[in-house]
Amino acid sequence: MLKVFIMEDDVQQLTELKSITEKIITKLALNDSLILTFDSTTSITHALPEPGPENIYILDLQINYNKRAGLQLGQLIRQSDPDAIIIFITVHDELLYTTYKYRVQALDFISKDQDDIHQELLKDFRLITHRPQLQQANVFHYKSYKRVNTILLDDICFFKSNNGNTHSATIYTTDRQTIEIHQNLREIIKNDPRFYRVHRSYLVNPHTVKNVDFYTRQIEFYNGLTCPVSRRQARDFFKLVRRLKHPQDAN
1 MLKVFIMEDD
11 VQQLTELKSI
21 TEKIITKLAL
31 NDSLILTFDS
41 TTSITHALPE
51 PGPENIYILD
61 LQINYNKRAG
71 LQLGQLIRQS
81 DPDAIIIFIT
91 VHDELLYTTY
101 KYRVQALDFI
111 SKDQDDIHQE
121 LLKDFRLITH
131 RPQLQQANVF
141 HYKSYKRVNT
151 ILLDDICFFK
161 SNNGNTHSAT
171 IYTTDRQTIE
181 IHQNLREIIK
191 NDPRFYRVHR
201 SYLVNPHTVK
211 NVDFYTRQIE
221 FYNGLTCPVS
231 RRQARDFFKL
241 VRRLKHPQDA
251 N
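Counting from 1, position 55 in the sequence shown corresponds to residue 55 in the UniProt record's numbering; the numbering is continuous, with no gaps.
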């Protein structure tokens with residue numbers, strides 16, 4: 001699901017951008033996408049989502065007569081959401097190369113004077129939907145202290161809750177490392193359905209599971225690590241793992 005965040009301080013132009021985006025989403029059959037609009041930097045910064053390649057930011061470059069405010073906002077977004085898409089809409093074409101100074105890595109820089117903003121945004125959205133990161137989002141973004149870090153999905157075995165801190169969890173990796181993160185299991189599963197809650201204290205990546213033992217109620221991973229699975233979840237989780245390993249037997 002794409003999440004589109006539109007920031008424009010002119011209400012009329014904000015409405016027009018939203019309408020254009022809605023038409024593009026309909027044309028490309030991206031019907032489960034979410035569009036949110038904002039008319040101030042304060043409101044959008046308070047609504048920043050979990051980082052991910054599905055996040056798209058369409059930002060006005062000039063905000064409240066400050067022609068660099070959009071760049072500063074883009075810089076803030078890029079620091080917290082490294083894989084997000086950023087598109088600038090502006091009357092200031094001369095600031096194109098300034099984006100490199102701010103290290104925003106914008107996908108596009110569309111002039112408001114352009115005859116057809118719709119066509120330019122349509123090209124961008126078509127490019128976005130063909131991104132490998134979006135088609136196969138094989139990374140997991142996690143909070144560690146005051147930073148957002150990334151780990152390959154295939155490097156994760158499971159998450160374990162931390163009894164001493166209900167706001168954190170520990171990642172157990174395929175190379176037997178542990179990483180403490182500032183997210184609990186409930187937050188992780190809410191924002192990333194690729195993981196499976198097998199136990200109240202464990203969240204598992206089914207793609208790295210080797211075997212599920214019904215008798216001992218243990219999950220074994222390819223690197224030899226194990227974790228428990230509850231009696232209630234064991235059968236359904238086993239079926240899921242079997243479907244992943246043998247999709248031809250799904251029926």
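Virtual Cβ for every residue (Gly too), placed ideally from N, Cα, C.
Here the structure is a predicted model, which means the values were calculated and not measured.
Following the DSSP letters along the chain, one finds Ser161 inside the beta strand (DSSP E) bounded by residues 156-162. If you draw a straight line from the Cα of His199 to the Cα of Met1, it comes to about 27 Å. Pro228 carries a strand assignment under DSSP once its states are collapsed to helix, strand and coil. Out of Ile181, Thr166, His167, the CA that lies nearest to the CA of Thr173 is found in Ile181. When the beta-carbon positions are compared, Ile58 and His118 stay at least 7 Å from each other.
In this structure, the beta-carbon distance from Tyr222 to Lys210 falls below 7 Å.
Asn55 is the residue among Ile87, Phe159, Ala234, Asn55 whose C-alpha sits nearest the C-alpha of Asp81. Within the model, the alpha-carbon separation for Ser144 versus Asn184 is close to 12 Å. Within the UniProt domain "Response regulatory" (3-127), the alpha helix (DSSP H) runs of at least 4 residues that lie entirely inside it are, in chain order, 11-27, 41-45, 69-80, 98-102. One alpha carbon belongs to Thr41, the other to Glu120, and they sit about 24 Å apart. If you check the CB distance, Ile151 and Asn205 do not come in under 7 Å. In this chain, the alpha helix (DSSP H) harbouring Arg186 covers 185-191. For Ser33, the CB contacts under 8 Å within the same chain, skipping 5 residues up- and downstream, are Met1, Leu2, Lys3, Val4, Ile25 in chain order. Under the criterion of beta carbons closer than 8 Å, Ala84 and Ile77 qualify as touching, at roughly 6 Å. With fewer than 16 other Cβ atoms from the protein chains shown falling within 10 Å of its own Cβ, Gln79 counts as exposed.
If you check the CB distance, Glu16 and Asp60 do not come in under 7 Å. Around the beta-carbon of Glu50, 16 or more other beta-carbon atoms lie within 10 Å, marking it buried.
Taking C-alpha positions only, Phe158 is separated from Asp124 by approximately 36 Å. Taking the Cβ atoms as the reference, Leu203 lies roughly 6 Å from Arg197, within the contact range of under 8 Å. Considering only Lys23, Thr37, Leu30, the residue with the shortest C-alpha distance to Val11 is Thr37. The residue from Ala29, Gln177, Leu48 with its alpha-carbon nearest to that of Arg126 is Ala29. By the neighbour-count criterion, in which a residue is buried when 16 or more other Cβ atoms sit within 10 angstroms of its Cβ, Val212 is buried. About 7 Å separates the CB atoms of Glu22 and Ile35; that is less than 8 Å, so the two are in contact.
Beta-carbon to beta-carbon, Ser168 and Ser201 are separated by about 13 Å, too far to satisfy the 8 Å threshold. Just measuring C-alpha positions, the residue of Thr90, Leu122, Ala106 sitting nearest Lys112 is Thr90. In this chain, the beta strand (DSSP E) harbouring His199 covers 196-199.
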